[in-house]
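Chain order of the listed sequences is A and B.
Counting in this note's numbering, the first sequence runs from 1 upward without gaps.
Counting in this note's numbering, the second sequence runs from 1001 upward without gaps.
Idealized CB from N, CA, C, for every residue including glycine.
A short worksheet on the structure shown next.
There are 2 protein chains.
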Amino acid sequence: MSKEGKADSSVSWQSIRDTMMARIRAQDYAPGELIPNEVDLAAEFGCARATVNRALRDLATSGFLDRRRKAGTRVREAPRRKATLAIPLTRADVIASGARYEYRLLERKLDTPPPLVREHLKLSGSERLLRVQSLHLADDVPHMFEDRWIVLDTVPDIEDVDLTETSANEWLVRQAPYTHGTMEFFAETAGARGQHLVCAPDDPVMTMIRVTWLEAAPITLVQQSYSPSHRMRLDL
Amino acid sequence: MSKEGKADSSVSWQSIRDTMMARIRAQDYAPGELIPNEVDLAAEFGCARATVNRALRDLATSGFLDRRRKAGTRVREAPRRKATLAIPLTRADVIASGARYEYRLLERKLDTPPPLVREHLKLSGSERLLRVQSLHLADDVPHMFEDRWIVLDTVPDIEDVDLTETSANEWLVRQAPYTHGTMEFFAETAGARGQHLVCAPDDPVMTMIRVTWLEAAPITLVQQSYSPSHRMRLDL
DNA sequence: AGGATTATTATGTGCAGACATATTAATTTC
DNA sequence: GAAATTAATATGTCTGCACATAATAATCCT
């Protein structure tokens, strides 16, 4: 009983968020229904409207509330909850799992892309492309096979980088920030990659294709195939 | 030339965020380095500190900046960009893709879970479980096969729901909000599910296992296997 | 010198007030 | 009665100020 002079007299936006979240869960506010407006809630909680605003804004970006000016705030009927999937940084992910990480450059050469890659990267045909294939291991076991195409017109500097030590991904993440991109996940058979991933050609593997852009200029397309035993885990 | 009296005199937090983002991209602030503090930036932009704070906070949650009290704000060396993966609401997803959605209940019965399911849900053994298998179609083509276990002790109400019309997922999303959960993605062979997904037993399919909880009580475990042609797409 | 104590500083957050903006509701006009 | 105008309202955001908090830097004491 000592320092309840000031800080305790005001209410934190987190506590309001938690209280409102509990009410939504308990269906004190029915799904689809309007909740009290910010002024009323501020009066109820005994705080400024800005504090309520911060709490409700947070719940809205988390997908539990829908807010519109004048129309008010209502509880989402089917809360669209999202898991955040961080773009894989294989080295960090492997080390975080407690395993020893190793990277092996398999091939690096200027190459002509197949039609599918050209289409993904929206290439005109005159661009120079660097193709890099590599293998990432966890505790000496093959973890992921990577086949990458890099548009040298967009990131010319990478042509002089030694990719035997640093993976292309790590260099690009640091040196070539992208503005946007897309990811695709699907299952397919290992095929020839089974050789690198130490599995049969008809074993199922999870493959991710990622394309990144710097505004309108394509940077890289990478296809990563994970070892059959790998599972991608996400928290909700 | 009319209404530049007031609104224009203040700077929006979005414009500050965009300016700072451009500087990070252009490496005006080097990776790993401190950027000016909020007071200085506010002076530069001619706005209140709170406005700068909002902009920088946004960039921090997007993964481009690291902020610590007293230590200041610095540019992340390897920005950990995240894609938000919304939990699949199959009906909405199929319809959004422009296809006709159809749902078929295949089986619904009280059943005893195999050890793997029991382990995932941390069951003691005394719980009653409802097992629901269903097929979701897009334009009359099998899209996803679902095998679900529902813990009736946690959501007793679902025992009386007619699951021939409404899928268990849609009911649960609306009626049984969860506090947290996990998702796992991996590739496997279709096996017996090939019968429902109209593919060979050794065709590779992408499977997701999702477990959700209401505090410490398990709600449901669902295993969804997608048609071999399906690709999960995300924007970055 | 080493360790404990005391400033100092940058971010985090709260408040009251003001105006902006998007919508919806009410009202007027034809 | 339909269309156009006007009013009302809830959220969005900015300002200026104050104090809280965490972490570092400086200082003091032995």
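If I follow the unbroken beta strand (DSSP E) through residue i, where does it start and stop?
i, result
"L65(A)", "L65 to R68"
"V1211(B)", "P1204 to L1214"
"D1147(B)", "V1141 to V1151"
"Y226(A)", "A217 to Y226"
With a CB to CB cut of under 8 Å and the five nearest residues on each side skipped, what residues in its chain are close to residue i?
i, result
"T1207(B)", "F1185, F1186, A1187, E1188, Q1223, Q1224, S1225 and Y1226"
"H1196(B)", "L1106, L1135, P1142 and F1145"
"D1058(B)", "W1013 and R1017"
"G125(A)", "R118"
"T112(A)", "L129"
"Q1027(B)", "none"
"M1021(B)", "L1059 and F1064"
"D153(A)", "E127, R128 and A217"
"I1158(B)", "L1130, I1150, L1152, A1168, W1171, L1172, Q1175 and A1176"
"A1190(B)", "L1197, C1199, A1200, P1201, D1202, D1203, P1204, V1205, S1225 and P1228"
"E44(A)", "P36"
"A1192(B)", "P1201"
Among the residues of its own chain, which have a CB less than 7 Å from the CB of residue i, if the five just before and after it don't count?
i, result
"R1049(B)", "E1038, V1039 and A1042"
"K6(A)", "In this prediction, K6(A) scores a pLDDT of 37, lower than 50, which makes its location untrustworthy; the coordinate-derived value is nonetheless stated afterwards. For K6(A), where only same-chain residues beyond five positions count, there are no Cβ hits under 7 Å."
"S1229(B)", "none"
"R1067(B)", "L1056, A1060 and T1073"
Which stretch, first to last residue, makes up the alpha helix (DSSP H) that contains residue i?
i, result
"P115(A)", "P115 to L121"
"I1095(B)", "T1090 to A1096"
"D58(A)", "R49 to T61"
"T19(A)", "W13 to R25"
"R1233(B)", "No alpha helix (DSSP H) contains R1233(B), which is instead part of the beta strand (DSSP E) from M1232 to D1235."
"V1039(B)", "E1038 to F1045"
"L197(A)", "G194 to L197"
"E1170(B)", "A1168 to Q1175"
Comparing C-alpha positions only, which one of the options sits nearest to residue i?
i, options, result
"M1183(B)", "G1191(B), D1203(B) and I1209(B)", "I1209(B)"
"A1168(B)", "R1193(B), V1011(B) and K1109(B)", "K1109(B)"
"L123(A)", "D203(A), M21(A) and P218(A)", "P218(A)"
"L234(A)", "L34(A), P228(A) and P88(A)", "P88(A)"
"G1046(B)", "V1205(B), V1011(B) and D1066(B)", "V1011(B)"
"L116(A)", "V161(A), D160(A) and W149(A)", "W149(A)"
"L221(A)", "V52(A), D147(A) and V155(A)", "D147(A)"
"S97(A)", "L121(A), A200(A) and D139(A)", "D139(A)"
"E33(A)", "V52(A), A71(A), A55(A) and L121(A)", "A71(A)"
"E215(A)", "T1019(B), R1025(B) and E1044(B)", "R1025(B)"
"W213(A)", "V173(A), G191(A) and T61(A)", "V173(A)"
"M1166(B)", "R1104(B), T1061(B), R1069(B) and R1068(B)", "Before going on, a small fix: residue 1166(B) reads as Thr here, not Met. Checked all of R1104(B), T1061(B), R1069(B) and R1068(B); the closest Cα to T1166(B) is R1104(B)."
"A1055(B)", "R1069(B), E1044(B), R1068(B) and T1019(B)", "T1019(B)"
"T51(A)", "R68(A), S15(A) and R69(A)", "S15(A)"
"M1232(B)", "D1093(B), R1193(B) and G1194(B)", "D1093(B)"
Excluding the 5 residues preceding and the 5 following residue i in the sequence, name in chain order all residues of the same chain whose CB lies nearer than 6 Å to its CB.
i, result
"I1095(B)", "Y1101"
"P31(A)", "V75 and E77"
"L137(A)", "E102 and H143"
"R23(A)", "Y29"
"R91(A)", "Y101"
"I35(A)", "Y29 and T73"
"H120(A)", "V211 and L221"
Rounded to the nearest angstrom, how far is the Cβ of residue i from that of residue j, given a contact under 8 Å?
i, j, result
"V1132(B)", "L1163(B)", "6 Å"
"L1236(B)", "G181(A)", "4 Å"
"P204(A)", "P1204(B)", "3 Å"
Q: Take every Cβ of the stretch 173-181 of chain A, pair it with every Cβ of the stretch 1076-1089 of chain B, and state whether three or more of those distances are shorter than 8 Å.
A: yes
Q. Using 8 Å as the threshold, is the stretch 84-97 of chain A in touch with the stretch 1082-1093 of chain B, meaning 3 or more CB pairs across them?
A. yes
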